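Just add 164 to the spot in the sequence shown (first one is 1) and you have this note's numbering. What follows is a set of notes on a single structure, which appears directly below.
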Amino acid sequence: RYIYHFNNGVKDGVWLNYHENGQLQDSSFYTNGIRTGIALGWNNEGILSDSFNLDKQGTGRYYSWYKEGERKPMIEGYIQSDTIRTGRWTYFYPDGKIRASVQYENNRIIDEKCKCYDEQGKDIAAELCTEREASFKDGEGAWRQYIQKKLNPQVPISKGGKPGTYTVLIQFVVSTDGSIKDLKPLTSFGFGMEQEAMRVIRSAPKWNPAVQFGRNVNAYRLQPITFSFY
């Protein structure tokens, strides 16, 4: 479930997303396509997980916290233009020790100003002090081919769908072992389209997990899949 507002096709106004159990997932306000003001996120138990405090240009601070116990910092950093990491970002272990201290410029890590540490506080090798997105085994092209091969475009036709072109959106998580979990449709065209898209994604082989500063981390993906029939 979600509530979105647009003005002439541009994000404008309140945006709300909900977990499958009905708990509010995040609350943001957009001004002419840019997230501004205070934006908050919660986990599926209703516990505050992250926040943005942004000016009218979408520039400001970002904080996130671990779920366990008291609100323990997980990440602190600066954002510009709504989504671009800039300046000094600090990543923490659950016990409060620093995991990484990283300087960003236009969302890119400045290598010589990146320091990473293991849980005992010892330096991690410079080549591991980096970030890598989750990826399908043989790349984006192979992922697209997999979807095209596995998708059954007859599903909405067999269920009486009205002819046309429909692009469904499926959110999912690539877990730390590369398996896919937490699939969630962000559209509701029906006639079996969202279910078929999730079936294809769910049955995919394991991905290469995302890596952040020497360890595997969960990665969120948003996958559009188009059905076109006339």
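Just so it is clear, CB atoms sit at the ideal spot from N, CA and C, and this is done for glycine as well. A quick note: this is a predicted structure, and the numbers were derived from the prediction, not measured.
Provide the residue span of the alpha helix (DSSP H) that contains residue i, from first to last.
i              : result
glutamine 244  : From DSSP, glutamine 244 is part of no alpha helix (DSSP H) but of the beta strand (DSSP E) over 236-244.
tryptophan 307 : 304-314
isoleucine 321 : 319-322
Can you grab the Cα-Cα spacing for the pair residue i / residue j, in whole Å?
i              : j                 : result
arginine 379   : tyrosine 257      : 12 Å
arginine 272   : threonine 250     : 8 Å
glutamate 297  : aspartate 190     : 23 Å
valine 178     : aspartate 282     : 40 Å
lysine 236     : glutamine 312     : 43 Å
proline 349    : phenylalanine 377 : 30 Å
tyrosine 255   : leucine 315       : 39 Å
alanine 203    : tyrosine 227      : 11 Å
glycine 205    : isoleucine 389    : 26 Å
threonine 151  : proline 327       : Shown here, the chain extends from 165 to 394; a query on residue 151 therefore has no answer.
threonine 294  : arginine 225      : 22 Å
lysine 279     : lysine 286        : 10 Å
serine 213     : asparagine 382    : 15 Å
glycine 222    : glycine 324       : 44 Å
aspartate 259  : lysine 231        : 12 Å
isoleucine 274 : isoleucine 288    : 16 Å
Considering just the uninterrupted stretch of the beta strand (DSSP E) at residue i, what are its terminal residues?
i                 : result
proline 388       : 383-393
glutamate 269     : 262-269
proline 349       : 344-349
glutamine 335     : 328-338
arginine 366      : First-last for arginine 366: 357-366, but that is the alpha helix (DSSP H), not the beta strand (DSSP E).
serine 215        : 212-218
phenylalanine 300 : Here phenylalanine 300 belongs to no beta strand (DSSP E), and DSSP marks it neither H nor E.
isoleucine 248    : 248-256
asparagine 185    : Neither: asparagine 185 is in no beta strand (DSSP E) and is coded neither H nor E.
glycine 205       : 198-206
Between residue i and residue j, which are expected to be in contact by the criterion C-beta below 8 Å, what is the C-beta distance as a whole number of angstroms?
i              : j                 : result
tyrosine 168   : tyrosine 182      : Actually they do not touch by this definition, with Cβ atoms about 12 Å apart.
methionine 247 : lysine 220        : One point to set straight first is that residue 247 is threonine, not methionine, in the sequence displayed. Incorrect: roughly 15 Å between the Cβ atoms, too far for contact.
valine 332     : phenylalanine 355 : The Cβ separation is near 10 Å, so there is no contact.
methionine 357 : phenylalanine 391 : 5 Å
glycine 173    : glutamine 187     : Actually they do not touch by this definition, with Cβ atoms about 29 Å apart.
Going by Cα to Cα distance, which pick from the options is closest to residue i?
i              : options                           : result
isoleucine 334 : Asn217, Pro320 and Arg366         : Arg366
glycine 241    : Arg235, Trp253, Lys231 and Ile248 : Trp253
serine 192     : Val174, Asn208, Phe216 and Asn382 : Phe216
glutamine 244  : Leu218, Ile321 and Leu212         : Leu218
lysine 261     : Ile239, Asp275, Asn208 and Glu209 : Ile239
arginine 412   : Trp307, Asp302, Tyr230 and Ser392 : With the chain represented from 165 up to 394, any question about residue 412 goes unanswered, as that position is not in the structure.
valine 375     : Phe170, Asn185, Leu292 and Gly224 : Leu292
tryptophan 150 : Tyr330, Gly303, Gln309 and Glu360 : Outside the shown range of the chain (165 to 394) lies residue 150, about which nothing can therefore be said.
lysine 345     : Gly325, Gly324, Pro369 and Thr329 : Pro369
glutamate 184  : Gly173, Asn208, Asn172 and Asn171 : Asn208
glutamate 360  : Phe336, Lys277 and Pro317         : Pro317
lysine 150     : Gly222, Ile198, Pro373 and Asn196 : Outside the shown range of the chain, which is 165 to 394, sits residue 150, and nothing can be said about it.
glutamine 387  : Ser299, Ile274 and Gly197         : Ser299
glutamine 309  : Val364, Asp176 and Gly197         : Val364
Consider the C-beta atom of residue i and the heavy atoms of the ligand FMN; say whether any pair is separated by less than 7 Å.
i              : result
asparagine 217 : With respect to small molecules bound, the structure shown includes none, and the ligand FMN cannot be examined in it.
(Q) With three or more beta-carbon pairs closer than 8 Å as the criterion, would you say the segment 263-277 touches the segment 340-347? (A) no
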